Structure formats: structure tokens, C-alpha cells
Amino acid sequence: MKARTIETKKGARCRVLEGGSGLPVVFFHGAGGLLADNPFLDQLAARYHVFAPELPGYGESTGEDLLEDMLDFTLHGWDVVSALGLTTPHLVGHSMGGMIAAEMAAIAPHDLGKLVLVDAAGLWIDEHPIPDIFALLPGQLVELLFQDPVKGQALLTGGVDFSDMEAFKEFYLGQQRRLAMAGKILFPIPNRRLSKRLYRVTAPTLILWGANDRLIVPAYARRWASLIAGARVEMVPDAGHMLPYEQPAAMVGAVSRFLG
Amino acid sequence: MRFTWFNLMPWPYLPDDFREKNRSVWVDIPSKLYDPRKGHFVYHQYMDQLEYAETLGFDGIGCNEHHQNGYGLMPSPNLIAAGLARRTSRAAICVIGNSIAGYNPPIRVAEEFAMLDVISGGRLVAGFPVGTPMDTNFCYGQIPALTRDKYKEAHDMIMKAWAEDEPFAFDGKYNQLRWVNCWPKPIQKPHPPIYIPGGGSIETWDFCLDYDYNYSYLSFYGYLRGKSLLDGYWERVAKRGKDDSPYRAAFAQIICVADTDAEAEELYAEHCLYFFNRCLHVFPPFADPAGYRTVNTIKYGALSQLRLEAQKIMANLTWKQLVDERFIIAGSPETVRQQLEECIKGLRIGHLFCLLHTGNMPDWKTRHSTKLFAEKVMPQLRDMWPEWKHDERWWIHPMEERLHPDEMQPGAEKPGQTWPE
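Order-wise, the sequence lines are chains E and L. Counting from 0, one number per residue, gives the positions in the first sequence under numbering that gives the first Met the number 0. Counting from 0, one number per residue, gives the positions in the second sequence under numbering that gives the first Met the number 0.
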């Protein structure tokens, strides 16, 4: 994957990873951002022209003050698609990125090909309250995100040595900056009434879920399917919330079968 | 030098194993630990103490706002202040303050503060904290990254509501009101003195200086730890070309006075340790949601990791540490005077919030400490800033002719007040 920076019409400057050729697929990352090690993007790029933009406030992307509420985030998604010069791309969103992709599909249903939601945020079921990711100790977060927290810890930190105070500080600042942005659409409850708008989604939709997701439990997959007409659900075994990182091959296989 | 007697109003019945059994005194504290029948007596005792402080000559009596908090029983400080306004007549009533980012619409604060100023005859000191993340974000659901922006907007609405004589439309990002028309209006013109209590956000300094508001650093960790922050504030004051009146700044300090240093330990150690070991037991992530502190503030100091360290220290504090490291100022009147002089000069503050009730301190000890402070310490510290003696910019300006409590309680046989012409 190669990285480049685009500027949206609104003025946000976003870093985009790009690779492969074929039908365009835009991947929207979750609240934690793109991790350093993301083989699923390379594997997807073997079949598609893949774009993975980073939101303002994530990595080198700037312009976080331009995005304040759900509508801003949604339109930003389409602004990125425009800045990349794409028409009717497939949209794939993980976690918070799924929330954004689903909003995009609801607000402009004819502007995308297919929609893939991976362990997506955006809905709320009283019987299954989602843990408050803004009030967790670092160890607790890893437990919720990954089926295997030990591997997860290494993936999450990308090999940063936390005994090095400077490295720790930089990681911490980056994390604060990312979650500050995410909080605008996820805090205090990750529900911006998307369920009222999902009737508008006409794109063929795949709901892909880690069978052992402890953060947004599989009951949410069924709720998504009940709200989007014709949506298919596929459970991936041996995966938690961070399915794309835990089971990249299984994820890419399912996505490829669905997108064709 | 001005002194305000301040009560945080802690719940005094947290069990001995509170720390082991619960992760936080704040936000998700089990509400079964609260007993409303005991609460009845607790509220009245605390309010009596505030009234008692007025009789001893304190310049102000103060309360603040916390939610779902074992050491703060005042979700609505305005209710406490209303009670005090009726039963006192001289002291400033310092409500430090209302966390205005959480009020919808914020005009409510303009109205209630105006009511308090009118009922008290112009004795309100109005505090506008951004609010702790525990209160504003976790209990009141405000988005951390937008809290400061929403706070600023609420401030603008309140100040304009007090200043304008005609109804106006307010088209804010967070609040839209077609008819803003504050009724009643405060007595003090152009507005009651404004205090901005800050934790450690450096943005708050500029906000205070933009409007010439008092900056109150409310910390429980004592003046040695407060010094670097206040130094930063005074540097900013100088850089902005403002005068360095000590009345621009206030500080909160836990104080315990006894006849001797040894007696102070004997009387107060238990209650101070209750406060530090149980009341400050906060689940660290509640204190630091991403977005609440700006990147600049984080870079300036206090990484959350350090806060975790602070928590560990807090778990095992001894009386000796509390005193030696000046978390608290405790001892004989002379010891307390010496250390407070160092505190006042070191921080360059014109106003001290005296936390003379701490933790689960019983009434008689609280009054003992308070009386000794008022009689033997306060008079010695009055003239710390002779060159600023006449600086009234951050103080109340009450009505000359106002009602006193004994005139407010006519029996059935005695007629009530008549209205002025």
C-alpha cells in the first residue's frame, strides 16, 4: 500500500493508504484508527483498488475541528470519496467506520456499490449495553477488543516499547487525539439514531461479525440485519471485535465472495 | 486577604473497606451506600457550620457542584446557597459554581444566580467551572472534545442575558433560544464577581484573563504541588500585560487547627485519612476521558499515568506525609499561620478557600478548628497584601440597606415585611 494525502472540499487533509487495482473499495477504520500492521488491506488489494483514508485527528490527518457531529462525519466520508475521484465504490467499515459507512449509505443510497459492515457501532440495544470505551484501563480495553488479548496487545501498540517514556507519551497523545474525535459520535452512548435512517439503505449489505466480539456482541449483527432490507449476516469464528486484524484471511475471503 | 469557609459536604458514612470493595467514589459509587434519613442530619449540620462561619467573621461561605460523588453531596449548590441566603446577612455566598456546559438551556443558571443575588442582597460570588470530567462528561453526558466549546457558549449566553435590557435571540451551536430575557436580574452590576475554578487546564488561564475573572485553583494536594500551576498562571498574567493583583487568584487548602501540633494529629488524623483514602478514590479513567484535556494541556504536564501514580500514593498516605508534604496544613495556630503565610505568598493569592471540615469530621471538631482559625490565625494573615488593600474588583458589592435573618422570620403574631415604595 502507498500513502498519499488528499484535501477535501471542506479543507480536511487526510492521509489515504492506496493499493491494488480493480473495483474501488473504501475502507473506514474504527475508533482506534488503522493499526500499524494491517494485512487485510494488502490482501484486499490483491483483488480490488483499495483506499483506506484516515479520519482527521488520526495519524497525520488534520482538520479535526471541521467535524463535530454525525452529519459532519457522514458528509466527510463522501467528501473523501469525491476527493479520490471515485464513483459508486464499495464501502467497508469496521466498528465506528461501519457506523460512518452505514450513515453514508443511508444519506446517499445510490452513490455506492455494496456495503460491508464489520462489527459495526451505531446501534444500541438496552439488553446488551456496550461497555464504555471511554472509561477503561488499558488492560481492560484489550480484553474487550481481542479474542486473544496477548496478541491483541502487541497489535494495538504496534511494537511501541512502553518503558521508553517518550515513546509512551507519543502513543498516549495519539490515543487521546483519536478517541477525542471518536467521542464526537460515540460518547456517551454510540447511538446517533442511525436506526431511523437505515430504511433508506438499498445497497446489498453484508454484516460480518467476530463470533466472540465482547465489545459489540453478536446480538447486534442480528439487529443490523433486521434494520437493513436483505442484509446477510456472516459470523467469523475465532475472532473478537478486531476481526480484520485477528482473522484477516477469513475477513477478506468473506468480503471477496460478497463483492464478487 | 479574604477567607471563605468552604464545605465539600462529604458523605461521612463510607465503610472502612470502601476502597477494597469499590472502584470509585465518583460516577458509579453504589447508591445503596447513601441513607437519606442520615442525609437529613448531615445536610443540616453542614449548613449550620456554614452559617456558624459567618458569625466568626469569615468573608465568605462556599459550596460547589458535584454529581454521583461520595465526597460532594451538592448536585445543586444553588439549593444550599438559597438556604444560606436566608439565614445569613453579611458573608459572601460563593457558589463555585455551576458547571454550565451541562445545563440545558444555560439561561437557567443566569436566572438562578440572579435569584440568589437578589435574595442575598447582592452577596453572590458566581463560579463557572468547566466541570470535572466525572461530573460533566460521565454523569452529565457531555462530549469531552466539545465540552470547552459548549462551556464558552453557555458563558456567553449567561453574561449577555445579565447585560442586556431588551429580549434578544441567541443562535448558538448548542443552544437556540428565540427569546432570551433574564428575569429577575442580579443586584450587582454589571454582574456578580465571576470566579473560574480550574483543575489544571492552561486554556482556563487565558479565559480568565480575557474577561478579568478570578482564577481559583481547587486542588486537594496542597500548595507545594499547586505552585507550578500558579506560577504558570502568573507568568501568563505578566505576558498578557495585566496587573498582578493577588485577588486575581484563589486557592483551596485543607486546614486543621488545634491547640498544639500533637493535638492536631490526635483530633484530625482519622478524618483527613478518611478523606484522602476513601473520598479521593476515583477510578482513573473517569478523570481523563480523551478530548477533555487539550493536547496543549497534556503536554504541559500531568500525564494520566502520573495520575495513576498519585492514586497509589493516596492509598497509603500517613498523617506524617500529609503534613510534611503539605497536602494539608495542620497544627497549632502558630504552625498553621506560618505555613499559610508561605502558601499565600508562594502562590500569590488574595483569597483562600478554607477547607476546615474534612472527610468524616464530627461537628464539634469542625467548630473547634474553625473557631481557632478565626480567632488565632485569620487576624494574623489579614494584611498580607497591603498595597492591594482597596482592590475590590473580585469581591461582592451588596446593597447597603438589606434584610437580616431576624427580620425574615416573623411569627404569626407579627406582620411580615412591607415592600419598599
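Quick reminder that beta carbons are idealized off the backbone N, C-alpha and C, glycines included. Since this is a predicted model, take the numbers as computed values, not measurements.
Beta-carbon proximity of residue i to residue j, cut-off 7 Å
{"i": "Leu214 (chain E)", "j": "Leu122 (chain E)", "result": "no"}
{"i": "Phe285 (chain L)", "j": "Met133 (chain L)", "result": "yes"}
{"i": "Tyr222 (chain L)", "j": "Cys93 (chain L)", "result": "no"}
{"i": "Glu64 (chain L)", "j": "Thr87 (chain L)", "result": "no"}
{"i": "Leu226 (chain E)", "j": "Leu197 (chain E)", "result": "yes"}
{"i": "Gly96 (chain L)", "j": "Phe5 (chain L)", "result": "no"}
{"i": "Gly92 (chain E)", "j": "Ala104 (chain E)", "result": "no"}
{"i": "Ile201 (chain L)", "j": "Cys353 (chain L)", "result": "no"}
{"i": "His251 (chain E)", "j": "Phe39 (chain E)", "result": "The identity of residue 251 (chain E) in the sequence shown is Val, whereas the question assumes His. Going by C-beta atoms, Val251 (chain E) is nearer than 7 Å to Phe39 (chain E)."}
{"i": "Ile348 (chain L)", "j": "Pro192 (chain L)", "result": "no"}
{"i": "Leu85 (chain E)", "j": "Pro23 (chain E)", "result": "yes"}
{"i": "Ala100 (chain L)", "j": "Gln141 (chain L)", "result": "yes"}
{"i": "Leu217 (chain L)", "j": "Pro196 (chain L)", "result": "yes"}
{"i": "Gly71 (chain L)", "j": "Leu7 (chain L)", "result": "yes"}
{"i": "Thr156 (chain E)", "j": "Ile106 (chain E)", "result": "no"}
{"i": "Val256 (chain L)", "j": "Ser368 (chain L)", "result": "yes"}
{"i": "Ala119 (chain E)", "j": "Gly138 (chain E)", "result": "no"}
{"i": "Val235 (chain E)", "j": "Ala224 (chain E)", "result": "no"}
{"i": "Gln152 (chain E)", "j": "Val141 (chain E)", "result": "yes"}
{"i": "Phe2 (chain L)", "j": "Asp58 (chain L)", "result": "yes"}
Minimum Cβ-Cβ distance from residue i to chain E less than 7 Å
{"i": "Ile254 (chain L)", "result": "no"}
{"i": "Gly290 (chain L)", "result": "yes"}
{"i": "Ala144 (chain L)", "result": "yes"}
{"i": "Gly358 (chain L)", "result": "no"}
{"i": "Gly198 (chain L)", "result": "no"}
{"i": "Phe285 (chain L)", "result": "yes"}
{"i": "Gly69 (chain L)", "result": "no"}
{"i": "Gly140 (chain L)", "result": "yes"}
{"i": "Ala251 (chain L)", "result": "no"}
Residue-level contact to chain L via CB, residue i, 7 Å cutoff
{"i": "Pro128 (chain E)", "result": "no"}
{"i": "Lys183 (chain E)", "result": "yes"}
{"i": "Gln152 (chain E)", "result": "no"}
{"i": "Ala179 (chain E)", "result": "yes"}
{"i": "Phe133 (chain E)", "result": "yes"}
{"i": "Pro320 (chain E)", "result": "Outside the displayed span of chain E (0 to 259) sits residue 320 (chain E), for which this structure offers no information."}
{"i": "Gln175 (chain E)", "result": "yes"}
Exposed unless 16 or more other CB atoms sit within 10 angstroms - verdict on residue i
{"i": "Pro55 (chain E)", "result": "buried"}
{"i": "Leu263 (chain E)", "result": "Lying before the first or after the last residue shown, residue 263 (chain E) is absent from chain E, which here runs from 0 to 259."}
{"i": "His43 (chain L)", "result": "exposed"}
{"i": "His75 (chain E)", "result": "buried"}
{"i": "Phe40 (chain L)", "result": "exposed"}
{"i": "Val149 (chain E)", "result": "exposed"}
{"i": "His109 (chain E)", "result": "exposed"}
{"i": "Lys183 (chain E)", "result": "buried"}
{"i": "Thr365 (chain L)", "result": "buried"}
{"i": "Ile188 (chain E)", "result": "exposed"}
{"i": "Ala253 (chain E)", "result": "buried"}
{"i": "Gln175 (chain E)", "result": "buried"}
{"i": "Ala238 (chain E)", "result": "buried"}
{"i": "Ala35 (chain E)", "result": "exposed"}
{"i": "Leu78 (chain L)", "result": "exposed"}
{"i": "His389 (chain L)", "result": "exposed"}
{"i": "Tyr421 (chain L)", "result": "In the structure as shown, chain L starts at 0 and stops at 420, and residue 421 (chain L) therefore has no counterpart that could be examined."}
Contact set for residue i: own chain, Cβ-Cβ below 8 Å, skip 5 residues either direction
{"i": "Lys1 (chain E)", "result": "Leu16, Glu17, Gly18"}
{"i": "Phe186 (chain E)", "result": "Phe133"}
{"i": "Asp405 (chain L)", "result": "none"}
Close beta carbons around residue i, own chain, < 6 Å, minus the five adjacent residues each side
{"i": "Ser98 (chain L)", "result": "Glu64, Pro128, Gly130, Asp134, Thr135"}
{"i": "Met383 (chain L)", "result": "Met0, Ile343"}
{"i": "Phe137 (chain L)", "result": "Val26, Phe285"}
{"i": "Arg256 (chain E)", "result": "none"}
Sequence-distant residues of the same chain with beta carbon closer than 7 Å to residue i, five excluded per side
{"i": "Arg89 (chain L)", "result": "Glu53"}
{"i": "Leu305 (chain L)", "result": "Residue placement at Leu305 (chain L) is flagged as unreliable, the pLDDT there being 46, under the threshold of 50; a coordinate-derived value is accordingly withheld."}
{"i": "Arg12 (chain E)", "result": "Thr4, Glu6, Ser60, Thr61, Gly62"}
{"i": "His396 (chain L)", "result": "Gly121, Gln187"}
{"i": "Ser303 (chain L)", "result": "With a pLDDT of only 44 at Ser303 (chain L), under the threshold of 50, the placement of this residue in the model should not be trusted; the figure read from the coordinates follows. Same-chain partners within the cutoff: Pro283, Asp287."}
{"i": "Asp116 (chain L)", "result": "Leu123, Pro185, Ile186, Gln187, Pro191"}
Test: residue i CB closer than 7 Å to a CB of chain A
{"i": "Gln146 (chain E)", "result": "Among the chains of the structure shown, chain A does not appear; the protein chains present are E and L."}
Looking at C-beta atoms only, is the number of pairs between the region 320-328 of chain L and the region 218-234 of chain L that lie closer than 8 Å three or more? Short answer: they touch.
Would you call the region 231-241 of chain L in contact with the region 235-246 of chain E, where contact means no fewer than 3 C-beta pairs closer than 8 Å? no
Count Cβ pairs between the region 176-186 of chain L and the region 158-165 of chain L that sit closer than 8 Å; are there 3 or more? yes
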